[in-house]
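Colleague: This is the structure, below, for whatever I ask next.
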Amino acid sequence: MSGRPFSHPSGSTDPGDRSASGPGQNANLDSHFGEAPGTNGRREAPDSRGLGDVALRRVAAFGGVYSNHRALRAAIQDARERGAEALLCLGDLGAFGPSPDKTVQILRDEGIPVVRGNYDDSIARGLDDCQCGYTDPRDNHYARISYDYTLANTAGEHREWMATFPPEIRFRLGDLRVLAFHGSPRRMNEFLWETTTPTHFLERMARKAGADVLLGTHTGIHWSRRLGDRSWYVNAGALGRPANDGRREVWYAMLEAQAGESELKVEFIPVEYEVELLADEMRDEGLPDEFIETIRTGWWTTCLEVLPGKERKGGRW
Amino acid sequence: MPKRPVNRRVLQPSFLILKRTSLLGRVELAVIDDAPSVALQALDELWFQVAGTVCNLRCHHCFISCAPDNHSFWFMTREQVAQALEESVELGVKEYYFTGGEPFMNQEMEDILVDTLALGPATVLTNATLMPPRRARRLAQLSRASIYTLELRVSLDGITREMNDAIRGEGAFDRCVDGIEQLVKVGFLPIITCMRSWPEHETERYLEGFRRLLSTVGYERPRIKILPPLLMGEEAKRTRAYDETERVTHEMLEGFDEGQLLCSRARLVTARGVQACPILLEAPSARVGDTLTEGARTPVTLKESACFTCYLSGAICSNSPSGAGGDR
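Chains as they are written, first to last, in the working numbering: chain S, 679 to 995; chain V, 2 to 329.
Here is the structure:
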């Protein structure tokens, strides 16, 4: 694994060169993680250098923005009001929603660090598809529409910025070592669903990664599990579309651990935003009615193939 | 299985195919010398040949020729499965799959699922012809009691009685559709799998046919998985066997994501030893050990013609896309 800390964006070849952060890029993060004096003497994993030794107490994490710039703005405001010391995006900025540049611009302006998602990787590199790996013809049909639209409407300079996203970010929360990624620590596009991911599998993954908390997204449905005395898995869910639960809100995760303590508190927070205005934008952009139905009803209408039986059963389609 | 002795000294090291035929006249796997090999990256999928080669049906396309009287592999016991489950925890297995033959011919199948669902998600590959209401209710109960998913993957090879039974035997269609109805009634969304026996461009028409059929038994949002034919076992007799150019070579693996191959992330445990994958139950070259731990350490040589299908189609045996690709 080649974890590049998120305080070294902008294509710096030297991971120790902190000055490489351009204006507006992760400045927020540097102030949160990089600039404060070190307070924690615990040994870090080798590729977590550059995050500083600052132990945070309260971090908001969100994934799968899918061009839902309205939900993103609402979530950022909500997380700050709730006292988040740092915000972290777990990747997949594009797909599904309208005008992808709007979402990218918000994240750049806010200096929020982003872990590379499969969508970002594909858009940055101009790949043929989103690397979701669907085999069902209907899912592939909608995935194609979504991907072609996003690729055509993402500015070149934003694609270059996406190419700098690190595949993982490590930081310290209280006394806990957190590893943030998109799909899994080993694969950007690995689905970790609640009903198909054994505890022993996650424990082993955490052990190998040298982390107490595994923090990911990719599936679009939030969940968490305590793995052992001192290890957790958290799926932050997605801001881009509802959690296939019949509610219009989207979700993010607030992680909290007190200084000197090794107990994690996870809170999933529903975010309300202007669903109808987003629906209008999607219509104006010619995006499929099925996508609009999802944000208006809270039920997934596409990309259903990858859902395990239990998660599928919880939805309408 | 009897083998005809081969004098390998007269053969060139690569691109030489040895077609072997047993005394019983059964078509066997062709083998290539100097084949590439693949190490296990992670044991994500653990497969159990839980019903051996014993099946209540005798399908014309079965790639391992399972039948009521094929006893070459016998049922696994609950203890044998439990032993492998125990090893699987340390190995970090992600998903458990049960196949045969027909898994529900194994009298201990429900208990085996109890043990498995305590550890992780379980998938049973079944023909659903042995699915009385009592069993369906029991399976639903097991599913509800676990935090993990229990998937029933039902093989149905046609959208009409005639189409299915020509492959799976007389009466199979009605009993299978009944079985699906029982599973749907108790709340399952079974994954219906079908081996494609039509030209690829007609797939959408057949998918629509499946949706209509399944709707008649109350299955309104079916999960359907179309599989490419494997030209092995009974299917090799029915259509054709792999030809000599259909092999995986070193050159083909250059720049290829080996995670697409099932043997890079799975093993099959049987009543007598561990094999590389569920397709290669009987291939001596695919035997990787006596125990799971040993089998996980042993690389797999891609000697068999079926490896070519896996190379082309990806690991079709898994329930859903593996997320292969997208590596760091």
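Quick reminder that beta carbons are idealized off the backbone N, C-alpha and C, glycines included.
Beta carbons nearer than 9 Å to chain V: which residues of the segment 977 to 988 of chain S have them?
Modeller: Going along the segment 977 to 988 of chain S in chain order, one finds Leu982, Glu983, Val984, Leu985, Pro986, Gly987 and Lys988 with a Cβ nearer than 9 Å to chain V.
Colleague: Out of V:Phe105, V:Leu126 and V:Pro229, point me to the one whose CA is closest to threonine 310 of chain V's CA.
Modeller: If we check each option's Cα against that of threonine 310 of chain V, V:Pro229 comes out closest.
Colleague: For proline 863 of chain S, tell me which candidate among S:Arg961, S:Ala884, S:Thr875 and S:Glu872 has the shortest Cα-Cα distance.
Modeller: Out of S:Arg961, S:Ala884, S:Thr875 and S:Glu872, S:Ala884 has the C-alpha closest to the C-alpha of proline 863 of chain S.
Colleague: Give the interface partners of serine 321 of chain V over in chain S, defined as CB-CB distance under 7 Å, in chain order.
Modeller: By Cβ distance, chain S contributes Glu983 and Val984.
Colleague: What residue does the beta strand (DSSP E) around leucine 226 of chain V start on, and which one ends it?
Modeller: Checking the sequence shown, residue 226 of chain V turns out to be lysine, not leucine. That run of the beta strand (DSSP E) goes 224 to 228.
Colleague: Please tell me whether leucine 750 of chain S and leucine 917 of chain S are closer than 8 Å, where the distance is taken between their beta carbons.
Modeller: Yes, the pair counts as a contact, with Cβ atoms nearer than the cut-off.
Colleague: Are at least three pairs of beta-carbons, each pair with one atom in the segment 296 to 310 of chain V and one in the segment 102 to 119 of chain V, less than 8 Å apart?
Modeller: Judged by Cβ distances under 8 Å, the segment 296 to 310 of chain V makes no contact with the segment 102 to 119 of chain V, as fewer than three pairs qualify.
Colleague: Name the two residues that bound the continuous beta strand (DSSP E) containing methionine 840 of chain S.
Modeller: Careful: methionine 840 of chain S lies outside any beta strand (DSSP E), inside the alpha helix (DSSP H) at 834 to 840.
Colleague: Quick check on this structure: which residue in S:Ala858, S:Thr832 and S:Met866 has the alpha carbon closest to the alpha carbon of alanine 931 of chain S?
Modeller: Nearest C-alpha to alanine 931 of chain S: S:Ala858.
Colleague: Give me the subset of the segment 828 to 861 of chain S whose CB atoms are less than 7 Å from a CB atom of chain V, sorted by chain position.
Modeller: Hits within the stretch, in order: Pro845 and Gly861.
Colleague: For isoleucine 192 of chain V, which beta-bridge partners are listed by DSSP?
Modeller: Bridge partners of isoleucine 192 of chain V: V:Arg154 and V:Arg224.
Colleague: Just the C-alpha distance for alanine 279 of chain V and phenylalanine 64 of chain V, rounded to the nearest angstrom, thanks.
Modeller: The identity of residue 279 of chain V in the sequence shown is proline, whereas the question assumes alanine. The straight-line gap from Cα to Cα measures roughly 10 Å.
Colleague: Determine the closest residue to leucine 120 of chain V out of V:Ala141, V:Val94, V:Leu140 and V:Gly101, with distance taken between C-alpha atoms.
Modeller: Per the Cα distances, V:Val94.
Colleague: Mapping DSSP to helix, strand and coil, what is leucine 893 of chain S?
Modeller: In the structure shown, leucine 893 of chain S sits in a strand (DSSP, three-state: E or B).
Colleague: Exposed or buried, which one is proline 920 of chain S when buried takes at least 16 other CB atoms within 10 Å?
Modeller: So proline 920 of chain S counts as buried.
Colleague: Considering only residues of the same chain and omitting the five flanking positions on each side of histidine 836 of chain S, which have a CB-CB separation below 7 Å?
Modeller: Answer for histidine 836 of chain S: Asp779 and Val782, listed in chain order.
Colleague: Check distances from the C-beta atoms of the segment 106 to 124 of chain V to those of chain S and list, in chain order, the residues that come in under 7 Å.
Modeller: Flagged, chain order: Leu120, Gly121 and Pro122.
Colleague: Closer than 8 Å between beta carbons: that is the criterion. Which residues of the segment 197 to 224 of chain V meet it against chain S?
Modeller: Result list: Thr204, Glu205, Leu208, Arg222 and Arg224.
Colleague: Can you confirm whether proline 776 of chain S, when its beta carbon is compared against all beta carbons of chain V, has any partner nearer than 8 Å?
Modeller: Taking Cβ atoms only, chain V never reaches closer than 8 Å to proline 776 of chain S, which makes this a no.
Colleague: Could you name the residues of the segment 811 to 824 of chain S whose beta carbon sits closer than 9 Å to any beta carbon of chain V, in the order they occur along the chain?
Modeller: Against chain V - using a Cβ distance shorter than 9 Å - the residues of the segment 811 to 824 of chain S are Gly811, Tyr812, Thr813, Asp814, Pro815 and Arg816.
Colleague: Could you check which residue in V:Leu282, V:Arg213, V:Leu208 and V:Pro133 has the C-alpha nearest to that of lysine 186 of chain V?
Modeller: Among V:Leu282, V:Arg213, V:Leu208 and V:Pro133, the Cα nearest to that of lysine 186 of chain V belongs to V:Pro133.
Colleague: Report the rounded CA-to-CA distance for threonine 877 of chain S versus threonine 161 of chain V, giving the unit in angstroms.
Modeller: Cα to Cα, the separation comes out at about 42 Å.
Colleague: Which residues of chain S have a Cβ atom closer than 9 Å to the Cβ of phenylalanine 189 of chain V, listed in chain order?
Modeller: Within chain S, the residues near phenylalanine 189 of chain V are Gly987 and Lys991.
Colleague: So, at 7 Å on beta carbons, what are the nonlocal neighbours of aspartate 817 of chain S in its own chain, with the 5 sequence-adjacent residues on each side left out?
Modeller: Closer than 7 Å at the Cβ level, and outside the excluded window around aspartate 817 of chain S, lie Thr980, Cys981, Leu982 and Glu983.
Colleague: Can you give me the start and stop residues for the alpha helix (DSSP H) that asparagine 796 of chain S sits inside?
Modeller: Segment 796 to 803, the alpha helix (DSSP H) holding asparagine 796 of chain S.
Colleague: Nearest CA to the CA of leucine 870 of chain S: which residue from V:Glu88, V:Leu114 and V:Glu96?
Modeller: Closest option to leucine 870 of chain S, Cα to Cα, is V:Glu96.
Colleague: Residues of chain S with a CB under 8 Å from the CB of glutamate 152 of chain V: which are they?
Modeller: Result: Pro986 and Gly987.
Colleague: Work out the CA separation of alanine 937 of chain S and leucine 313 of chain V for me, nearest whole Å.
Modeller: Whole-angstrom Cα-Cα distance: 52 Å.
Colleague: Please classify arginine 248 of chain V as buried or exposed, where buried requires at least 16 other C-beta atoms within 10 Å of its C-beta.
Modeller: When all chains shown are included, arginine 248 of chain V counts as buried.
Colleague: Going by DSSP, what residue range makes up the beta strand (DSSP E) through phenylalanine 257 of chain V?
Modeller: Counting along the chain, phenylalanine 257 of chain V falls outside any beta strand (DSSP E), and DSSP gives it neither H nor E.
Colleague: Using DSSP bridges, identify the partner residues of tyrosine 97 of chain V.
Modeller: DSSP output for tyrosine 97 of chain V lists V:Leu47 and V:Ala123 as bridge partner(s).
Colleague: By a C-beta neighbour count over all protein chains shown, 10 Å radius and 16 as the cutoff for buried, is glycine 924 of chain S buried or exposed?
Modeller: Looking at its Cβ environment, which holds fewer than 16 other Cβ atoms inside 10 Å, glycine 924 of chain S is exposed.
Colleague: Given a limit of 9 Å on CB to CB distance, which residues of the segment 134 to 148 of chain V reach chain S?
Modeller: Listed by position, the residues of the segment 134 to 148 of chain V near chain S (Cβ gap below 9 Å) are Ser144, Ser147 and Ile148.
Colleague: If you follow the beta strand (DSSP E) that lysine 943 of chain S is in, where does it begin and where does it stop?
Modeller: That run of the beta strand (DSSP E) goes 943 to 949.
Colleague: Mind checking if tryptophan 910 of chain S is an interface residue toward chain V, Cβ cutoff 8 Å exclusive?
Modeller: It does not; no Cβ of chain V falls within 8 Å.
Colleague: I'd like to check one pair, leucine 303 of chain V with alanine 36 of chain V: are the Cβ atoms closer than 8 Å?
Modeller: Yes; because the gap between Cβ atoms is below 8 Å, this pair is in contact.
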